[in-house]
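Colleague: From first to last, the protein sequence lines stand for chains X and U. Note that the numbering used here has the first sequence beginning at 1284, numbered continuously upward. Note that the numbering used here has the second sequence beginning at 1284, numbered continuously upward.
Number of protein chains: 2
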Amino acid sequence: MRYALKIAYDGTRFCGWQVQKNGNTVQAELERAIKEAFGVDARVCASGRTDSGVHALGQVAHVDLPVSMAGERLADALNSRLCEDISVLSSCVAGDGFDANRSAKKKTYRYTMYVSSRRNPILDRFALRVDSADAEAMREAAVLFCGVHDFKAYCASGSSALTTVREIYSVNVERREDLTDIYVCGNGFLYNMVRTLAGTLLWYSMGKISKEDIISSLEEGLRERVGKTLPARGLCLMSVDYGSRGPAL
Amino acid sequence: MRYALKIAYDGTRFCGWQVQKNGNTVQAELERAIKEAFGVDARVCASGRTDSGVHALGQVAHVDLPVSMAGERLADALNSRLCEDISVLSSCVAGDGFDANRSAKKKTYRYTMYVSSRRNPILDRFALRVDSADAEAMREAAVLFCGVHDFKAYCASGSSALTTVREIYSVNVERREDLTDIYVCGNGFLYNMVRTLAGTLLWYSMGKISKEDIISSLEEGLRERVGKTLPARGLCLMSVDYGSRGPAL
C-alpha cells in the first residue's frame, strides 16, 4: 500500500535528504524508523532532494509498505522512532499513481535573513545574518524572475538536470518581526537555484548589481552577473503542491 | 577596568549559566574566550543564573579586565573565540559601581509555546509544543500575578533564596505567527518561578485549575494548586533593566 508523508526537519545536522555512504541523512533516518516499526526495507521517495543543512516544513514523500493501516497511524509509528530533528507532520494513504516527485506541480521555498551587526544564536539556526535587507528594493528585482526563464546562471556546476529552463510563479519578500523572508514558488528548481536567486536579490538591494545585470543573467546565462549563493541555513522547503488530486496531507 | 556585556545564547546544549565541574556552561565558555583573548583568568558575573537548557537574548554580565580598550572591542574579541551557540551582542565600559546582579532593577523573561498535534522540529528548539493555547484565557489569569506576592508555591524545592516574596510588574500574553509568548517582568525570580507561572497560565487556559486556585496558591502558598513547571526549551531571558544609570548596552 502506498502512503504519503508530510515531513518537517531541522536540516542543521543532516547531510541533506538523500541516503549517503558517509553522513546521516533525512531519508536514511526515515528508512531506519520504518525498518524498526515494520521490519521492512522500504525506499522513502521525496518530492526532491534538499541539500546539506537545508530545512523543511513541508517536504512530501511517498513510501510503499506491505502493511495496511489507517493513514494517520503511520506518522505516529514513525515519530516515536525518529530523532528530534525530524517529525512526520501528517500521513495518509495515497493512490498508486501518486509519486511525490513526478506528481508535484509547484514547490515553495523560503529564504530567511535577519539584520544584525552581530550574530544572534537564537535566529542563526534558521536564518542568515546580514548587514542590511531592504525588502522594498528586493521586491523591485523579484518580479524579474517571474515567468519562464533559463536559469543556467543560477545553477551550481555539476548539476545533471536535462534542461535549465524553469517557470517561477511568484517571488514574494515579506517581513516577519526581525526577519526578512523571500518566498519563491515555481514548478521546479535547479541545484542551488533558490540560494543563488536570494543572493542576487540581496546583492541588488545592496546596490552591488543592477536590474540590467539580472536581466542579462536570465537572457544570456552570465553567471558573473548574479549574486553569491547564500548558505543553506536560511533555506526551508515550505510546501509541495499536487493540485486538487494530491494526497490529503 | 570593568566592562558590561549583553549576551545571547541558545541554551540547548549548555548545563545552564554557572560554571560546573561536569558539563559545559555559558559562563565557562565566556571565561575560556577571555583567557584566550587576554591571557587572564577573569570571573564573568551575570545578572543571574539561567538553568540548563534556558535561552537568552539579553543576559547582562560584568567582568573586570586588566586591559583598557574601547568598550565595543570586547564583544568582537570574544565573538571570534566563542562557539556558535553564544554571541556577545554588545559591550561597553561600565562604572566600577556597576554590578550585573545587584544593580538589576527589572528582568523580563519570555515563555513560548506553539500549538500543533505533532512536534515541529523548526519551532521545537525555542518553544514548547502544546495541544491548545488560549491567549485570551491566559490573559484573564495573568493579572492575578501582578504586584507583590509570596511565590513560595512557584519555587522549586532546594532554593536558597532568603525570601520568596517578589514583585511582578507585568505578565503579557502575545501571539507571534504560530507562537504564543508569555512575557513576565519582575524585580527578580525564584528558581523555576517563570516556568511554573507559565505552566499555571497554561493549565488555567485548559480548565484544569481555577482563578481561586491561583489566588490561594499566592495567598497560602499551596503548591498543589499551581500548574506543572514547563520544560526549559521554551524559556528565554529577554532583557535586564538597570534604569537610566545602567550601562549603554
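Beta carbons: idealized from backbone N, C-alpha and C, even for Gly.
Please list, in chain order, the chain U residues whose beta carbon lies closer than 7 angstroms to that of Y1292 (chain X).
Modeller: Counting from 1 along the first sequence, the entry for residue 1292 (chain X) is found at position 9. What Y1292 (chain X) touches in chain U: P1404.
Colleague: So, helix, strand or coil for N1362 (chain X), using DSSP?
Modeller: On the first sequence, residue 1362 (chain X) is found 79 positions in, with the first residue counted as 1. Of the three classes helix, strand and coil, the one that applies to N1362 (chain X) here is helix, per DSSP.
Colleague: As a quick exercise: from U:A1410, U:L1427, U:W1486 and U:N1470, pick the residue whose alpha carbon is nearest that of G1294 (chain U).
Modeller: Sequence index remark: in the second sequence, residue 1294 (chain U) carries index 11 (1-based). The shortest C-alpha separation from G1294 (chain U) is found at U:A1410.
Colleague: Under the three-state reduction of DSSP, which class applies to K1390 (chain U): helix, strand or coil?
Modeller: Residue numbering aside, residue 1390 (chain U) sits at position 107 when the second sequence is read from its first letter. K1390 (chain U): strand per DSSP, three-state reduction.
Colleague: For D1368 (chain X), count neighbouring Cβ atoms within 10 angstroms of its own Cβ and tell me buried if that reaches 16, exposed if not.
Modeller: Here residue 1368 (chain X) refers to the residue found at position 85 when the first sequence is read from its first residue. Buried, because 16 or more other Cβ atoms sit within 10 Å of the Cβ of D1368 (chain X).
Colleague: Could you check which residue in X:K1511, X:D1379 and X:S1370 has the C-alpha nearest to that of A1481 (chain X)?
Modeller: Walking along the first sequence from the start, residue 1481 (chain X) turns up at place 198. Residue X:K1511 is the option with its Cα nearest to A1481 (chain X).
Colleague: Given that I1369 (chain U) touches chain X, what residues does it touch there, using C-beta distances under 8 angstroms?
Modeller: Mapped onto the second sequence, residue 1369 (chain U) falls at position 86. In chain order: P1404.
Colleague: Can you tell me whether K1435 (chain U) is helix, strand or coil according to DSSP?
Modeller: Counted from its first residue, the second sequence places residue 1435 (chain U) at position 152. It is helical.
Colleague: Do you know how far the Cα of S1500 (chain X) is from the Cα of Y1437 (chain X)?
Modeller: As a first step, residue 1437 (chain X) must be located in the first sequence, where it is residue number 154. As a first step, residue 1500 (chain X) must be located in the first sequence, where it is residue number 217. So the two alpha carbons sit approximately 8 angstroms from each other.
Colleague: Closer than 8 angstroms between beta carbons: that is the criterion. Which residues of the stretch 1370-1382 of chain X meet it against chain U?
Modeller: Listed by position along the chain: S1370, V1371, L1372 and S1373.
Colleague: Please say whether R1332 (chain X) and Q1301 (chain X) have beta carbons closer to each other than 7 angstroms?
Modeller: One-based indexing of the first sequence puts residue 1301 (chain X) at position 18. One-based indexing of the first sequence puts residue 1332 (chain X) at position 49. Contact flag set, yes.
Colleague: Would you give the residue range spanned by the alpha helix (DSSP H) that V1309 (chain U) belongs to?
Modeller: Here residue 1309 (chain U) refers to the residue found at position 26 of the second sequence. Unbroken alpha helix (DSSP H) run through V1309 (chain U): V1309 to F1321.
Colleague: Between N1475 (chain U) and R1516 (chain U), what straight-line distance do the alpha-carbon atoms span, to the nearest angstrom?
Modeller: Taking the first residue of the second sequence as position 1, residue 1475 (chain U) is located at position 192. Taking the first residue of the second sequence as position 1, residue 1516 (chain U) is located at position 233. Cα-Cα distance, rounded: 13 angstroms.
Colleague: Please go through the same chain and pick out, in chain order, the residues whose beta-carbon is closer than 6 angstroms to the beta-carbon of I1317 (chain X), but skip the five residues on each side of it.
Modeller: Reading the first sequence from its first residue, position 34 is the one you call residue 1317 (chain X). A1325.
Colleague: Taking the alpha carbon of A1329 (chain X) as the point to measure from, which residue in X:R1393, X:R1449 and X:R1385 has its own alpha carbon closest?
Modeller: Along the first sequence, one-based indexing puts residue 1329 (chain X) at 46. Of X:R1393, X:R1449 and X:R1385, the residue nearest in Cα terms is X:R1385.
Colleague: When DSSP labels each residue in this structure, what does D1324 (chain U) get in the three-state scheme?
Modeller: The sequence position of residue 1324 (chain U) within the second sequence is 41, counting from 1. Three-state DSSP puts D1324 (chain U) in coil, outside helix and strand.
Colleague: Does the count of Cβ pairs from the stretch 1417-1432 of chain X and the stretch 1392-1400 of chain U closer than 8 angstroms reach three?
Modeller: Touching, no.
Colleague: What is the DSSP secondary structure of L1357 (chain X), counted as helix, strand or coil?
Modeller: Locating residue 1357 (chain X) in the first sequence gives position 74, where the first residue counts as 1. Of the three classes helix, strand and coil, the one that applies to L1357 (chain X) here is helix, per DSSP.
Colleague: Are the CB atoms of A1358 (chain X) and A1383 (chain X) nearer to each other than 7 angstroms?
Modeller: Position 75 of the first sequence, counted from the start, is the residue given in the question as residue 1358 (chain X). Position 100 of the first sequence, counted from the start, is the residue given in the question as residue 1383 (chain X). Not in contact: A1358 (chain X) and A1383 (chain X) (Cβ atoms no closer than 7 angstroms).
Colleague: By the 10 Å Cβ neighbour count, where 16 or more other Cβ atoms means buried, how is G1471 (chain U) classified, buried or exposed?
Modeller: Position 188 of the second sequence holds residue 1471 (chain U). That one is buried.
Colleague: Using a Cβ-Cβ distance under 7 angstroms, would R1422 (chain X) count as near chain U?
Modeller: On the first sequence, residue 1422 (chain X) is found 139 positions in, with the first residue counted as 1. So, not an interface residue.
Colleague: If we count the other Cβ atoms within 10 Å of its Cβ and call it buried at 16 or more, is G1526 (chain X) buried or exposed?
Modeller: Residue 1526 (chain X) sits at position 243 when you count from the first residue of the first sequence. The residue is exposed, with fewer than 16 neighbouring Cβ atoms inside 10 Å.
Colleague: Spatial neighbours of L1462 (chain U) within its chain, please: C-beta separation below 8 angstroms, excluding the five flanking residues on both sides.
Modeller: Here residue 1462 (chain U) refers to the residue found at position 179 of the second sequence. Answer for L1462 (chain U): T1395, M1396, Y1397, L1406 and A1410, listed in chain order.
Colleague: Evaluate K1390 (chain U) with the Cβ neighbour count: other Cβ atoms within 10 Å of its Cβ, from every protein chain shown; 16 or more gives buried, anything less gives exposed.
Modeller: Position 107 of the second sequence, counted from the start, is the residue given in the question as residue 1390 (chain U). With 16 or more other Cβ atoms within 10 Å, it is buried.
Colleague: Please classify L1505 (chain X): is it buried, with 16 or more other beta-carbons within 10 angstroms of its beta-carbon, or exposed?
Modeller: Within the first sequence, residue 1505 (chain X) is the residue found at index 222, counting from 1. Classification of L1505 (chain X): exposed, given that the 10 Å Cβ count is below 16.
Colleague: Taking the alpha helix (DSSP H) that S1500 (chain X) belongs to, which residues open and close that run?
Modeller: Residue 1500 (chain X) sits at position 217 when you count from the first residue of the first sequence. Counting along the chain, the alpha helix (DSSP H) containing S1500 (chain X) begins and ends at K1494 to E1502.
Colleague: Output needed for A1416 (chain U): all residues of its chain with C-beta closer than 6 angstroms, excluding positions within five of it in sequence on either side, in chain order.
Modeller: Taking the second sequence and counting its residues from 1, the one referred to as residue 1416 (chain U) is at position 133. Here the set comprises M1396, V1398 and T1463.
Colleague: Indicate whether at least one CB of chain X lies closer than 7 angstroms to the CB of L1411 (chain U).
Modeller: Here residue 1411 (chain U) refers to the residue found at position 128 of the second sequence. No, no contact with chain X.
Colleague: Is V1376 (chain X) helix, strand or coil when you go by DSSP?
Modeller: Locating residue 1376 (chain X) in the first sequence gives position 93, where the first residue counts as 1. Note: V1376 (chain X) maps to strand in three-state DSSP.
Colleague: Determine the closest residue to L1372 (chain X) out of U:A1287, U:V1523, U:L1445 and U:P1404, with distance taken between C-alpha atoms.
Modeller: What you label residue 1372 (chain X) is simply residue 89 of the first sequence in a count that begins at 1. Nearest of U:A1287, U:V1523, U:L1445 and U:P1404 to L1372 (chain X), Cα basis: U:P1404.
Colleague: Considering Cα atoms alone, identify which of U:E1460, U:Y1286 and U:D1433 is closest to M1352 (chain U).
Modeller: Counted from its first residue, the second sequence places residue 1352 (chain U) at position 69. The residue with the shortest Cα to Cα distance from M1352 (chain U) is U:Y1286.
Colleague: Sort X:L1532, X:I1497 and X:N1305 by Cα distance to E1603 (chain X) and report the nearest one.
Modeller: Here chain X comprises residues numbered 1284 to 1532, so residue 1603 (chain X) is not present and cannot be evaluated.
Colleague: Would you kindly report the start and end of the unbroken beta strand (DSSP E) that includes M1521 (chain U)?
Modeller: On the second sequence, position 238 is the one that residue 1521 (chain U) refers to. That run of the beta strand (DSSP E) goes L1518 to D1524.
Colleague: Between which residues of its own chain and A1439 (chain U) is the CB-CB distance below 6 angstroms, once the five residues before and five after are set aside?
Modeller: Taking the first residue of the second sequence as position 1, residue 1439 (chain U) is located at position 156. Here the set comprises Y1474 and N1475.
Colleague: I need the straight-line Cα distance from S1443 (chain U) to I1290 (chain X), nearest angstrom please.
Modeller: If you number the second sequence from 1, residue 1443 (chain U) lands on position 160. If you number the first sequence from 1, residue 1290 (chain X) lands on position 7. Their backbone Cα atoms lie some 45 angstroms apart in a straight line.
Colleague: Let me know if R1449 (chain X) comes out buried or exposed under the rule of 16 or more other beta-carbons within 10 Å of its beta-carbon.
Modeller: The residue given as residue 1449 (chain X) occupies position 166 in the first sequence. Label assigned to R1449 (chain X): buried.
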